[in-house]
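*Asks:*
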Amino acid sequence: MHTTLQKTFPAMGTVHTITLYGENHSELAERMKREVLRMDRAWSVFRDDSTLSKLNRSAGIAEVSVDDDTFALLKASVLLCKQTDGAFDVTSGALSSLWREAAKQGRTPEKAALQAAKKRVNASSIMLNETDRKAYLPAVGQTVDFGGIAKGFAADRLRAMLLSEGVSDALLNLGGTVTAIGQPVSIGVRNPFAPQSDPIGTLTVSNRSIVTSGSYERFYAIGGRRYHHILDPRTGYPSESGLVSVTLIGSNATELDALATGIFVLGVERGLPILKERNIDAIFVTITGEVLITETLKDMFSLRKDLCTA
Ligand code: ADP
Ligand code: MG
């Protein structure tokens with residue numbers, strides 16, 4: 097029977113939707129959901145019994161045995177930290193928690209506290225023992241948070257599951273991390289300055305993932321001001337690279353997820369060479385409302401005409 101099956105569920109602090117076209121694949125969709133929930137349990141920093149919580153509690157004390165996926169994601173995170181000059185850093189959690197706590201009290205974190213926390217932000221220092229699958233965070237108080245990369249990793253895993261089952265037509269949307277498999281799909285790219293129903297343009301892609309990092313959705317509201325959630329590990333403050341959003345289009349969602357966050361921090365000029373090297377396309381929206389797109393995206397992206405200015 098020719099069907100479309102859609103499964104929506106909450107995970108990783110957001111909502112995920114799996115759409116499978118073709119035959120009825122409800123058993124596969126259920127397995128995919130379970131796989132994401134398993135990752136969510138392992139990596140949630142809000143669960144005391146998660147692998148990450150155990151790793152974080154053991155920081156500066158002992159190494160911890162981790163499962164293969166956690167090891168792989170730690171390894172990718174360390175590499176991506178180096179490749180972005182430290183702009184993407186999964187140990188930014190020490191800073192995020194200061195911002196979270198301070199926001200609850202209606203203030204910004206103290207400078208001295210941020211300076212102290214910054215010393216614990218350094219993913220390159222994570223020690224990984226490949227043969228024993230053990231990880232060690234060398235500094236007391238160092239914390240890993242996969243919030244900027246886990247959805248990408250999950251997307252790559254789900255795509256691999258689909259391909260190994262011979263499913264060639266599907267659409268994955270893991271909290272905004274979109275992966276199109278098979279037939280081309282058109283996706284509206286959000287205008288950070290307008291409601292969701294009012295996109296800046298349409299992207300038509302197949303067999304690619306699309307990931308956006310932006311400052312407009314999640315933020316700490318402090319004293320009537322918004323402080324967005326992507327922190328610059330070099331300053332300890334929300335990044336100020338002149339961007340409102342970075343949308344990346346490519347084939348490895350793990351890499352795209354991390355790089356979208358990292359390049360949001362680095363800015364256009366420092367980000368472009370990193371993307372070029374990897375054949376990743378990008379749409380940048382700047383704080384002044386400019387939309388910049390990479391050359392090779394021209395045929396895949398149509399900017400809404402009424403937004404173009406002469
Ligand atoms: P979203 O999860 O909103 O799609 P991102 O993928 O950009 O956005 O990830 C943002 C999350 O990553 C934050 O909520 C925080 O947990 C974490 N984070 C914040 N700043 C950084 C950073 N410089 N490097 C890595 N992770 C970060
Ligand atoms: Mg990200």
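Heads up, the sequence shown is in the numbering used here, so the first residue is 97 and it goes up one at a time. Ideal placement from N, C-alpha and C gives every residue a C-beta, glycine not left out.
1) Locate the beta strand (DSSP E) running through residue 142, then write down its first and last residues.
2) Does the distance between the C-beta of residue 361 and the nearest non-hydrogen atom of the ligand ADP fall short of 6 Å?
3) Can residue 252 be considered in contact with the ligand ADP, in the sense that its beta carbon sits closer than 6 Å to one or more heavy atoms?
4) Would DSSP call residue 377 helix, strand or coil?
5) Looking only at its chain, what residues have a beta carbon closer than 8 Å to the beta carbon of residue 362, apart from the 5 residues adjacent to it on each side?
6) Enumerate, from N- to C-terminal direction, the unbroken beta strand (DSSP E) stretches of 3 or more residues contained entirely within the segment 237-291.
7) Are the segment 201-220 and the segment 382-397 touching by the rule of at least three beta carbon pairs closer than 8 Å?
8) Using the Cα positions of residue 175 and residue 139, report the straight-line distance between them to the nearest angstrom.
9) Between which residues of its own chain and residue 324 is the CB-CB distance below 6 Å, once the five residues before and five after are set aside?
10) Once the 5 residues before and after residue 163 are set aside, which same chain residues still bring their CB inside 8 Å of it?
11) Under DSSP, the alpha helix (DSSP H) around residue 167 begins and ends at which residues?
12) Residue 196 lies in the alpha helix (DSSP H); which residues open and close that run?
13) Closer than 7 Å is what we want: which residues have a beta carbon that near any heavy atom of the ligand MG? List them in chain order.
14) Quick one: does the C-beta of residue 136 sit closer than 6 Å to a heavy atom of the ligand ADP?
15) Could you check what DSSP says for residue 369 in three-state terms: helix, strand or coil?
16) Identify, in the order they occur along the chain, each residue of the same chain with its Cβ nearer than 7 Å to the Cβ of residue 266, setting aside the five sequence neighbours on each side.
17) Please list the terminal residues of the continuous alpha helix (DSSP H) segment that includes residue 360.
18) Jot down the residue ranges of each uninterrupted beta strand (DSSP E) in the segment 107-132, minimum 3 residues, whole runs only, in chain order.
19) For the candidate residues 110, 376, 120, whose alpha-carbon lies nearest to that of residue 99?
20) Relative to the ligand ADP, is the shortest distance from any of its heavy atoms to the C-beta of residue 192 smaller than 6 Å?
21) Does the contact criterion of 3 or more C-beta pairs under 8 Å hold for the segment 150-158 versus the segment 228-244?
22) Grouping DSSP H, G and I as helix and E and B as strand, with all else coil, what is residue 233?
23) Using a 10 Å radius around the Cβ and a threshold of 16 neighbouring Cβ atoms, would you call residue 223 buried or exposed?
24) Cβ of residue 327 versus every heavy atom of the ligand ADP: is any distance shorter than 6 Å?
25) Would residue 352 and residue 387 be called neighbours here (beta carbons separated by less than 7 Å)?
26) Look up residue 134 in the DSSP assignment and say whether it is helix, strand or coil.
27) Put residue 152 into one of helix, strand or coil per three-state DSSP.
28) Classify residue 357: buried if its beta carbon has 16 or more other beta carbons within 10 angstroms, exposed otherwise.
29) Quick check: the Cα distance between residue 320 and residue 159, rounded to an integer number of angstroms?
30) Whose CA, out of 347, 187, 227, lies closest to the CA of residue 216?
*Replies:* For this structure:
1) As a working note, residue 142 is residue 46 in the sequence shown. Element bounds for residue 142: n/a, residue is neither H nor E.
2) Translated into positions along the sequence shown, residue 361 becomes position 265. It does: the Cβ of residue 361 is within 6 Å (strictly closer) of some heavy atom of the ligand ADP.
3) Numbered from its first residue, the sequence shown carries residue 252 at position 156. Not so, every heavy atom of the ligand ADP lies at least 6 Å from the Cβ.
4) To locate residue 377, count along the sequence shown from 1; it is residue 281. Strand, per DSSP.
5) Within the sequence shown, residue 362 is the residue found at index 266, counting from 1. Only 180, 181, 183, 337, 370 meet the Cβ criterion.
6) 266-270, 273-277, 281-285
7) no
8) Here residue 175 refers to the residue found at position 79 when the sequence shown is read from its first residue. Here residue 139 refers to the residue found at position 43 when the sequence shown is read from its first residue. Residue 139 has its alpha-carbon roughly 19 Å from the corresponding atom of residue 175.
9) Here residue 324 is taken as the residue at index 228 of the sequence shown, counted from 1. Closer than 6 Å at Cβ, skipping near neighbours: 311, 315, 334.
10) Against the sequence shown, residue 163 aligns to sequence position 67. So the qualifying residues of the chain are 138, 147, 229.
11) The residue you call residue 167 lines up with position 71 of the sequence shown. Residue 167 -> alpha helix (DSSP H) spans 164-179.
12) On the sequence shown, position 100 is the one that residue 196 refers to. 189-200 is the extent of the alpha helix (DSSP H) around residue 196.
13) So the residues near the ligand MG by this Cβ test are 244, 245, 248, 307, 309, 353, 354, 356, 357.
14) Here residue 136 refers to the residue found at position 40 of the sequence shown. Checking the Cβ of residue 136 against the ligand ADP gives no.
15) For the purposes of this step, residue 369 is taken as residue 273 along the sequence shown, with counting starting at 1. Three-state result, residue 369: helix.
16) Counted from its first residue, the sequence shown places residue 266 at position 170. Contacts found: 115, 116, 117, 258, 277, 278.
17) Reading the sequence shown from its first residue, position 264 is the one you call residue 360. First-last of the alpha helix (DSSP H) with residue 360: 349-362.
18) 110-118
19) If you number the sequence shown from 1, residue 99 lands on position 3. Of 110, 376, 120, the residue nearest in Cα terms is 120.
20) Translated into the one-based positions of the sequence shown, residue 192 becomes position 96. Indeed, a heavy atom of the ligand ADP lies less than 6 Å from the Cβ.
21) In short, these stretches touch, since the Cβ pair count reaches three.
22) For the purposes of this step, residue 233 is identified with residue 137 of the sequence shown, where counting begins at 1. DSSP places residue 233 in coil when its eight states are reduced to three.
23) Along the sequence shown, read from residue 1 onward, the residue named residue 223 stands at position 127. With fewer than 16 Cβ atoms within 10 Å of its Cβ, residue 223 is classed as exposed.
24) Stepping through the sequence shown from its first residue, residue 327 is reached at position 231. Correct: residue 327 has its Cβ closer than 6 Å to the ligand ADP.
25) Along the sequence shown, one-based indexing puts residue 352 at 256. Along the sequence shown, one-based indexing puts residue 387 at 291. By the CB criterion at 7 Å, residue 352 and residue 387 fall outside the cutoff.
26) Your numbering for residue 134 matches position 38 in the sequence shown. Here residue 134 sits in helix by DSSP.
27) Indexing the sequence shown from 1 puts residue 152 at position 56. Residue state, collapsed to three classes: helix.
28) Numbered from its first residue, the sequence shown carries residue 357 at position 261. In summary, residue 357 is buried, with 16 or more beta-carbon neighbours lying within 10 Å of its beta-carbon over all protein chains present.
29) Here the question's residue 320 lines up with position 224 in the sequence shown. Here the question's residue 159 lines up with position 63 in the sequence shown. Each residue's Cα considered, the two are about 42 Å apart.
30) For the purposes of this step, residue 216 is taken as residue 120 along the sequence shown, with counting starting at 1. For residue 216, the nearest C-alpha among the options comes from 187.
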